[in-house]
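Protein chains in written order, with our numbering: chain R, 29 to 138; chain U, 1020 to 1172.
Below: one structure, written as structure tokens.
Take a look at the structure:
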């Protein structure tokens, strides 16, 4: 899995390309940790090119959300694909990680 | 006897590479079994990766043994089946609870976030995604069998 971090002005986009499984989960944590350490408060994880997520990947997203909130910021997800939606709904985690249509939409009303 | 329409197998050291290889194996399986509805593929794929990841992350080799992950995937007309073997493994202690209730999700979103338990989540996901799941021990191998009725509404 590849991660691309981009400063979008009022938020930082972390685009995740590939499968967010037990192999990739630690890398996501590391990438988001670096964004938060660098002062990033608003983070959008763009899942448009994430074809798969398992409980390890979801655990990493949850960990990243907690990290962002602990530093006074927030993390949101965008452009979620069907398998990821299935996992979010199965675990009820869509309630705390509500998918947004696109990365630009995630913080549009804040 | 149910006719097997597609079959794929894998056996390699229980390490991260095995999980990446298993993803490719599942993709090949669906090429051979294009008639399987997408929701069934998605659920079965997720359950198989969860179970195999559980072996790689939590499997303990028996003394002097190398832990191997064995996977056999089969597709019949209305049945998807995965046999996931933890070869050269110490006995599971405790044996995972595959029958208990998964419990309702916390009502409060903050509690939902705080209560999130990654390791327990994988097992309850497997149970929700397949029709039956069993685990048994045979010789030096712990064997998970996942089965999903395909084409159900």
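Positions of the beta carbon are idealized from the N, C-alpha and C atoms, including for glycine.
These numbers come from a predicted model, not from an experiment.
### Message
Short of 6 Å in beta carbon distance, which residues of its chain neighbour residue 1092 of chain U, apart from the five on each side in sequence? Order them along the chain.
### Response
1027, 1048 and 1101
### Message
Please list the terminal residues of the continuous alpha helix (DSSP H) segment that includes residue 63 of chain R.
### Response
53-65
### Any chain U beta carbon closer than 7 Å to residue 111 of chain R
yes
### Query
Is residue 1172 of chain U helix, strand or coil when you go by DSSP?
Confidence at residue 1172 of chain U is low in this model, with a pLDDT of 45, below 50, so the placement of that residue should be treated as unreliable; the coordinate-derived value is given next. Coil.
### Task
Check whether the stretch 108-120 of chain R touches the stretch 1021-1036 of chain U, counting contact only when three or more Cβ pairs, one atom from each stretch, lie closer than 8 Å.
no
### Message
Could you check whether the Cβ of residue 29 of chain R sits closer than 7 Å to any Cβ belonging to chain U?
### Response
no
#### Entry: Expected contact under 8 Å - CB spacing of residue 61 of chain R and residue 95 of chain R to nearest Å
Correct: roughly 7 Å between the Cβ atoms.
#### Entry: Selection from U:1168, U:1079, U:1052 and U:1075 that minimises the alpha carbon distance to residue 1113 of chain U
U:1079
### Query
Alpha carbon to alpha carbon, how far is residue 135 of chain R from residue 1036 of chain U?
Residue 135 of chain R and residue 1036 of chain U: Cα-Cα distance of roughly 37 Å.
### Query
Per DSSP, residue 1166 of chain U forms a beta bridge with which residues?
U:1100 and U:1151
### Task
Please decide whether residue 59 of chain R counts as near chain U, where near means a Cβ-Cβ distance under 7 Å.
no
### Message
I'd like the ranges of any alpha helix (DSSP H) spanning at least 4 consecutive residues and lying wholly in the stretch 65-109 of chain R.
### Response
83-98
### Query
When DSSP labels each residue in this structure, what does residue 1077 of chain U get in the three-state scheme?
helix
### Query
For chain U, is any of its Cβ atoms less than 7 Å away from the one on residue 104 of chain R?
False, the Cβ-Cβ gap to chain U never drops below 7 Å.
### Burial state of residue 1083 of chain U, where buried means 16 or more other Cβ atoms lie within 10 Å
exposed
### Query
In chain U, which residues lie with their C-beta within 7 Å of the C-beta of residue 118 of chain R?
1144 and 1147
### Query
Over what stretch of residues does the alpha helix (DSSP H) that includes residue 1109 of chain U continue unbroken?
Neither: residue 1109 of chain U is in no alpha helix (DSSP H) and is coded neither H nor E.
### Task
Give a yes or no on whether the minimum CB-CB distance between residue 1031 of chain U and chain R is below 7 Å.
Closer than 7 Å: no.
### Query
By a C-beta neighbour count over all protein chains shown, 10 Å radius and 16 as the cutoff for buried, is residue 40 of chain R buried or exposed?
Buried.
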